[in-house]
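Visitor: One structure coming up, written as structure tokens, with questions to follow.
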Amino acid sequence: MQEIYDVAIIGFGPAGAAAAIYAKRAGLSTIMIEKAAAGGGQVLLTYEVDNYPGLPGINGFDLGMKFIEHVAKWDTEILEATVSNIVTEGKVKRIVTDKDTVNSKTIIIASGATYRKLKVPGEEELFGMGVSYCATCDGAFFRGKTVAVVGGGDVALEDAIFLARECKKVYLIHRRDAFRAVKILQDAVLNTKNIEVVWDSVVTAIGGTEQVEKIEVNNVKTNQAESLAVEGIFIAVGNTPRTAFVDEVDRDKSGYIVAGEDCATSISGVYAAGDVRTKALRQIVTAVADGANAITSVQAYLLSQ
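So for the sequence shown, our numbering puts the first residue at -14; every next one is plus one.
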């Protein structure tokens, strides 16, 4: 007979890692399901994490590896697989993957989010040929070159600052006349000489044959169009939650799973933690807190059954 776990955790980012650690410490039979071989989530792609308590200035890769090592310390069972569906009827839930079906009394969805795209001509065609969604992954290829960053939040400004250290020039294109990022990042951008902010503008097309050569930009207030010569474009316009496999739980209009601080969803015994759930702030520290809160809710649920 196939094992029935106390908790199955979908996703191995900061939220999933914290949930696994808390679950194993609580003596719960636990399995993690993660499609990537190593796990760690998007934190592995972050250049610098300066706001995680106790570890100022740590880079994202090192922090992600610490999460992975901590989970490994507890000999957590991990299934490398892609989830296609979850079935929540009855006391035992079923998670259908491309490798196997996992049975569990509770489920924590910690699948995170993925990069949002501009959906403009040239974006798909030139992906990997100058179009990137990760400055820290690909920035080194553009040393001494002119690039563009699209977005106005923390990630976009962090990317612009990071790229400006090695690139000849960085255009920072934002559709509004004010940034959404924290003030310390705004100040850093505005005081970096080789960053030029292009306000009130959107990218309408990305041009090039075998490599990005230019971008078409349109001012949303004046409707004036211009072409900027760049060799790379880094897109940082937010994320889309990874919830394609979730049909039964309530989601908001953006696809995020509706869940509060207790991480409880609309389905009893199913919880959402980290970037995948509705929340005001999506940061590593809030994802980790979600993982702990989700296990507290799981324990209360199991005791009530």
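Note that the Cβ used here is the ideal one computed from N, Cα and C, for glycine as well.
If you draw a straight line from the alpha carbon of MET(-14) to that of ASN88, how long is it in whole angstroms?
Guide: Residue confidence for MET(-14) is low, a pLDDT of 47 falling below 50, so the modelled location carries little weight; the figure read from the coordinates is stated next. Cα to Cα, MET(-14) sits roughly 11 Å from ASN88.
Visitor: Classify ALA61 as buried or exposed, calling it buried when 16 or more other Cβ atoms lie within 10 Å of its own Cβ.
Guide: Reading off the sequence shown, one finds Thr at residue 61, where the question assumed Ala. By the neighbour-count rule (16 or more Cβ atoms within 10 Å), THR61 is buried.
Visitor: With DSSP run on the structure shown, which of helix, strand or coil describes VAL205?
Guide: Correct three-state label for VAL205: coil.
Visitor: Consult DSSP for MET(-14) and reduce its assignment to one of helix, strand or coil.
Guide: Note that MET(-14) scores a pLDDT of 47, beneath 50, so its modelled location is shaky and nothing firm can be said.
Visitor: For a test of the three-state rule: what should DSSP assign to ARG79, helix, strand or coil?
Guide: Three-state result, ARG79: strand.
Visitor: From this set, PRO(-1), ARG227, ALA66 and ALA145, which residue's C-alpha is nearest SER239's C-alpha?
Guide: Cα-wise, what sits closest to SER239 is ARG227.
Visitor: Could you tell me the distance, in whole angstroms, from the CA atom of ALA2 to the CA atom of ALA125?
Guide: Those two C-alpha atoms are separated by around 30 Å.
Visitor: Of the residues GLY259, LEU266 and VAL231, which one's Cα is nearest the Cα of ALA277?
Guide: ALA277 has its Cα closest to that of GLY259, out of GLY259, LEU266 and VAL231.
Visitor: Please state the DSSP three-state secondary structure of PHE219.
Guide: Strand, per DSSP.
Visitor: Could you spell out where the beta strand (DSSP E) holding VAL87 opens and where it closes?
Guide: Per DSSP, VAL87 belongs to the beta strand (DSSP E) from 86 to 94.
Visitor: Based on the DSSP output, what are the partners of TYR100 in its beta bridges?
Guide: Answer is ASN224.
Visitor: Give the secondary structure of SER69 by DSSP, where H, G and I count as helix, E and B as strand, and everything else as coil.
Guide: Strand, per DSSP.
Visitor: So, for VAL167: in the same chain, excluding its five sequence neighbours on each side, which residues have a beta-carbon less than 7 Å away from its beta-carbon?
Guide: For VAL167, where only same-chain residues beyond five positions count, the Cβ hits under 7 Å are ASP139.
Visitor: Under DSSP, the alpha helix (DSSP H) around LYS154 begins and ends at which residues?
Guide: Unbroken run through LYS154 is the beta strand (DSSP E), 154 to 158; no alpha helix (DSSP H).
Visitor: For LYS84, which residues of its own chain have a beta-carbon under 6 Å away from its beta-carbon, when the five flanking residues on both sides are left out?
Guide: Taken in chain order, the residues that qualify are ALA66.
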